[in-house]
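Residue numbers (my numbering), protein chains in the order written: chain F, 6 to 173; chain U, 419 to 839. Ideal Cβ placement from N, Cα and C applies to all residues, glycine included. To keep things clear, I will list the structure first and then write my remarks on it.
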Amino acid sequence: MKVKGKAFKYSDNVDTDLIIPARYLNTSDPEELAGHCMEDIDPTFVKEHNPKDIIVAGKNFGCGSSREHAPIAIKAAGISCVIAWTFARIFYRNAINIGLPILECEEASKKIEYGSVIEVDFETNDIFDLTKNQKYSAQPFPEFIQKIIKAEGLINYIRESMVKTEIK
Amino acid sequence: MGMTMTQKILAAGAGLESVKSGQLIQSDCDVMLGNDITTPIAIKEFEKIGRDHVFDKSKIVIVPDHFTPNKDIKSAEQCRMIREFVRTKGIKNYFEVGEMGIEHVLLPEKGLVVPGEIVIGADSHTCTYGALGAFSTGIGSTDLAAGMATGKCWFKVPGAIKFVIDGRPSNFIMGKDVILHIIGLIGVDGSVNKAMEFCGEGLAFLSMDDRFTIANMAVEAGAKNGIFPVDEKTLTYVEAHSTKKYRIFEPDGDAEYDKHFRIDMSVLRPTVALPHSPGNAQPIDAIEDINIHQVVIGSCTNGRMEDMRMAARILKRKRVAKGVRVIIIPATQGIYLKALEEGLIETFIKAGAVVSTPTCGPCLGGHMGVLAKGERAVSTTNRNFVGRMGHRESEIYLASPAVAAASAITGRITNPEEMTN
Ligand code: SF4
Chain F
6 MKVKGKAFKY SDNVDTDLII PARYLNTSDP EELAGHCMED IDPTFVKEHN PKDIIVAGKN
66 FGCGSSREHA PIAIKAAGIS CVIAWTFARI FYRNAINIGL PILECEEASK KIEYGSVIEV
126 DFETNDIFDL TKNQKYSAQP FPEFIQKIIK AEGLINYIRE SMVKTEIK
Chain U
419 MGMTMTQKIL AAGAGLESVK SGQLIQSDCD VMLGNDITTP IAIKEFEKIG RDHVFDKSKI
479 VIVPDHFTPN KDIKSAEQCR MIREFVRTKG IKNYFEVGEM GIEHVLLPEK GLVVPGEIVI
539 GADSHTCTYG ALGAFSTGIG STDLAAGMAT GKCWFKVPGA IKFVIDGRPS NFIMGKDVIL
599 HIIGLIGVDG SVNKAMEFCG EGLAFLSMDD RFTIANMAVE AGAKNGIFPV DEKTLTYVEA
659 HSTKKYRIFE PDGDAEYDKH FRIDMSVLRP TVALPHSPGN AQPIDAIEDI NIHQVVIGSC
719 TNGRMEDMRM AARILKRKRV AKGVRVIIIP ATQGIYLKAL EEGLIETFIK AGAVVSTPTC
779 GPCLGGHMGV LAKGERAVST TNRNFVGRMG HRESEIYLAS PAVAAASAIT GRITNPEEMT
839 N
């Protein structure tokens, strides 16, 4: 599968309070959360992004709280993929678990600029910077994680396998 | 090659002879935790799995603490949904307003976590229980849903960083100063995906409350967990609070650590993390005059008994500065009551502070002390991210209860050593 969109670029250590401030956590409704996505780091994000756009960030994206509201808000906002140099641990799990596509790629994280048009090929984990005419290769996922991604999230994966202890 | 303490616990949980760093395992969990923010999503996901019962009614713990007592209709609806789930599934450990407290202070107090256990919690500060020599880590709501259905969770076995703690700390140095100093040293991504394993002779000078504070903020360095060896103090604590069976794990002599750090507590200064990162830690002597509007003493980091006692020691027979709002929140009903019995609450009120029922409240800008634009707070909580306590142009300075109480009196960030009683 391929997705294409405009890059919204952020720095290192974008924390979960920036992605979705705690003042909105009295709900878990995805649409409502999406309406406040990135509000404290980029108040124009909600107005300016289009479905399928891509978030590109630096190191440790999603650090801070365990709130699944963060990847839920991003996914419900229509973002097709988050590319970062690295992801914070719980955000990484949560994104995989809810089926928000993420990729880790140092080069893409450094070189992609705000507003560039980016295409991502999830089969090959290749990232194409169409504005700069460059190609970057993201880290492939471990096999077990790939299975969850393929099932489009942990819940589907569990339903399908009803927990066979098949992790090597 | 030997295993770290964390790896040994994980190997046991997964029923494996040994594990190594980077390995993906599936492990049984002894305790699973959710709160009023993360549980509603977990319930929705649990229902999608299509099982009508949870794997074990006694191993799930739910504590509504963030927006409780409920601050608005939406948060009340979330708690209603939780209550319904708890009732229909027969979950044993649910703590309603009146018996609740901030989850990470409540669970050890109620004896729900003991050494050697594997604990997952849909809250990032679940790492707090590492103070008891347990493996405990934050996960998301979907992980919690899967855990409630299956009793299991997947982990990537972490490598570890070893922190050797030496030296006797001076009078006003608390666990908070130790952990803020460490995060300043290694950075907010200094321990990403790794275990922080603490050891050394200095541990003898760290109380259980200090250790809870330190383990609590391991996640602020990106760690998967923070963990302390089980010693006399741990066992005294556990025996006073729990009847659960525990297991003591120790790292192998030849365990491999990615890095080593030595922390000499005898030279540690009261430490403050400036906005907007817990990694911006500075010794108090390096901080110029910073006027403040609010002081918060509480949270899963510093709402424990010793924190209350330290604050009272400094506030005794003093008045908080005019124009400074001081909010003190004992983290559990038990601590609240004890503080009342010891006369601490009276000290706080006479000093001009307000005392609240247990809640996360201001720690996450939820309620009970939200900051306006341009306001500054000294807070004993664990995060000073942009907008964490309110307006995105407000500022949070993280510090120990000693620094927070001293600052309450002067109205500017103040070294507690300057306070003479
Ligand atoms: S006190 Fe703060 S950090 Fe601790 S659980 Fe509550 S909101 Fe989270």
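For this session: With hydrogens ignored, establish whether the beta-carbon of I520 of chain U is closer than 6 angstroms to any heavy atom of ligand 1.
Result: Taking the Cβ of I520 of chain U as the reference point, at least one heavy atom of ligand 1 falls within a distance shorter than 6 angstroms.
For this session: Could you check which residue in U:S588, U:T799, U:F581 has the C-alpha nearest to that of F646 of chain U?
Result: F646 of chain U has its Cα closest to that of U:F581, out of U:S588, U:T799, U:F581.
For this session: Report the residues of the stretch 64-83 of chain F with a CB closer than 7 angstroms to any CB of chain U, ordered along the chain.
Result: Contact residues of the stretch 64-83 of chain F toward chain U are K64, N65, C68, G69, S70, S71, R72, E73 (C-beta to C-beta distance below 7 angstroms).
Problem set entry | Local Cβ density within 10 Å of T170 of chain F, reported as buried at 16 or more and exposed below that | In this prediction, T170 of chain F has a pLDDT of 45, which is less than 50 and means its spatial position is unreliable; nothing more can be read from the coordinates.
Exercise. Leaving out five residues before and five after H785 of chain U in sequence, what residues of the same chain have Cβ atoms less than 7 angstroms from its Cβ?
Worked result: Apart from the 5 residues on each side of it in sequence, H785 of chain U sits with its Cβ closer than 7 angstroms to the Cβ of F485, K489, G779 in its chain, given in chain order.
Exercise. Shorter than 7 angstroms from the beta carbon of R794 of chain U to some beta carbon of chain A?
Worked result: No chain A appears in the structure shown, which is made up of the protein chains F and U.
Exercise. Beta-carbon of S33 of chain F versus every beta-carbon of chain U: anything under 7 angstroms?
Worked result: Yes, S33 of chain F counts as interfacial toward chain U.
Exercise. What's the C-alpha gap between I745 of chain U and G644 of chain U?
Worked result: Cα to Cα, I745 of chain U sits roughly 29 angstroms from G644 of chain U.
For this session: Say whether chain F places a C-beta atom closer than 7 angstroms to the C-beta of K677 of chain U.
Result: By this cut-off, K677 of chain U is not an interface position.
For this session: Establish whether the CB of G783 of chain U and some CB of chain F are separated by less than 7 angstroms.
Result: Yes, contact with chain F.
Exercise. Would you say L782 of chain U touches ligand 1, meaning its beta carbon is less than 6 angstroms from a heavy atom?
Worked result: Flag set: Cβ of L782 of chain U near ligand 1.
For this session: Run through the stretch 747-818 of chain U for me and flag every whole alpha helix (DSSP H) of 4 or more residues, listed as ranges in chain order.
Result: With a minimum length of 4 residues, the continuous alpha helix (DSSP H) runs that stay inside the stretch 747-818 of chain U are 751-759, 762-769.
For this session: Would you decide whether D595 of chain U is buried or exposed? Buried here means 16 or more other CB atoms lie within 10 Å of its CB.
Result: Counting C-beta atoms within 10 angstroms of its own C-beta, D595 of chain U has 16 or more neighbours from the protein chains shown and is therefore classed as buried.
For this session: Determine, using beta carbons only, whether K149 of chain F comes closer than 7 angstroms to chain U.
Result: The sequence given here places Phe at residue 149 of chain F; Lys does not occur at that position. Interface criterion met: the Cβ of F149 of chain F is under 7 angstroms from a Cβ in chain U.
Problem set entry | Spatial neighbours of R586 of chain U in its chain, beta-carbon cut-off 6 angstroms, leaving aside the 5 residues before and after | Same-chain partners within the cutoff: F623, S684.
Exercise. Do three or more CB pairs link the stretch 532-545 of chain U to the stretch 43-59 of chain F at distances below 8 angstroms?
Worked result: By the Cβ rule, the stretch 532-545 of chain U does not count as touching the stretch 43-59 of chain F, because fewer than three pairs are nearer than 8 angstroms.
Exercise. With 7 angstroms set as the bound, which would you pick, yes or no: does the beta-carbon of S439 of chain U sit closer than that to a beta-carbon of chain F?
Worked result: So no, S439 of chain U is outside the interface.
Exercise. Which residues of chain F have a Cβ atom closer than 8 angstroms to the Cβ of Q496 of chain U, listed in chain order?
Worked result: The contacting residues are N31, T32, S33.
For this session: Assuming N611 of chain U contacts R94 of chain F (C-beta within less than 8 angstroms), just tell me the rounded distance between them.
Result: Going by Cβ atoms, the distance from N611 of chain U to R94 of chain F rounds to 5 angstroms, so yes, they are a contact pair.
Exercise. For G805 of chain U and chain F, any beta-carbon pair shorter than 7 angstroms?
Worked result: Yes, G805 of chain U lies at the interface with chain F (some Cβ there is under 7 angstroms from its Cβ).
Problem set entry | N833 of chain U, DSSP secondary structure in three states | The answer is coil: DSSP assigns N833 of chain U none of H, G, I, E or B.
Exercise. Taking E813 of chain U as the reference, which of U:H711, U:K734, U:S542 has the closest Cα?
Worked result: Cα-wise, what sits closest to E813 of chain U is U:H711.
For this session: Under 6 angstroms Cβ to Cβ from M635 of chain U, same chain only, skipping five residues before and after it: list those, please.
Result: For M635 of chain U, the CB contacts under 6 angstroms within the same chain, skipping 5 residues up- and downstream, are I597, N800 in chain order.
For this session: Determine the burial state of K173 of chain F: buried for a count of at least 16 other Cβ atoms within 10 Å of its Cβ, exposed for fewer.
Result: With a pLDDT of 37 at K173 of chain F, under the threshold of 50, the modelled position of that residue is not reliable, and no figure is offered here.
Exercise. Ligand 1 heavy atoms versus the CB of H74 of chain F: any closer than 6 angstroms?
Worked result: Not one heavy atom of ligand 1 is found less than 6 angstroms from the C-beta of H74 of chain F.
Exercise. Just checking my contact of K492 of chain U with T32 of chain F at CB under 8 angstroms: how many whole Å lie between their CB atoms?
Worked result: About 5 angstroms separates the two Cβ atoms, so the contact holds.
Exercise. Do you know offhand how far P669 of chain U's Cα is from I427 of chain U's?
Worked result: Taking the straight line from one Cα to the other gives about 10 angstroms.
Exercise. How is I24 of chain F classed by DSSP in three states: helix, strand or coil?
Worked result: Correct three-state label for I24 of chain F: helix.
For this session: Identify the continuous alpha helix (DSSP H) that holds V582 of chain U and give its terminal residues.
Result: That residue, V582 of chain U, is in no alpha helix (DSSP H); its beta strand (DSSP E) goes 578-584.
For this session: If I'm right that I478 of chain U touches V472 of chain U with Cβ under 8 angstroms, what's the distance once you round it to whole angstroms?
Result: Rounded, the Cβ-Cβ distance is 6 angstroms, consistent with contact.
Problem set entry | Burial state of I666 of chain U, where buried means 16 or more other Cβ atoms lie within 10 Å | Result: exposed.
Exercise. N709 of chain U: buried (16+ other C-beta within 10 angstroms of its C-beta) or exposed?
Worked result: Exposed, because fewer than 16 other Cβ atoms sit within 10 Å of the Cβ of N709 of chain U.
For this session: Check whether the Cβ of S142 of chain F sits closer than 6 angstroms to any heavy atom of ligand 1, and report yes or no.
Result: No, the Cβ of S142 of chain F stays beyond 6 angstroms of every heavy atom of ligand 1.
Exercise. Apart from the five residues on each side of it in sequence, which residues of its chain come closer than 7 angstroms, Cβ to Cβ, to K438 of chain U?
Worked result: Excluding residues within five positions, the ones whose Cβ falls inside 7 angstroms are V575.
For this session: Tell whether a beta-carbon distance below 7 angstroms holds between V637 of chain U and V531 of chain U.
Result: Cβ distance not < 7 angstroms, so V637 of chain U and V531 of chain U don't count as in contact.
For this session: Flag R810 of chain U as yes if its beta-carbon sits less than 7 angstroms from any beta-carbon of chain F, otherwise no.
Result: Output row for R810 of chain U: interface = yes.
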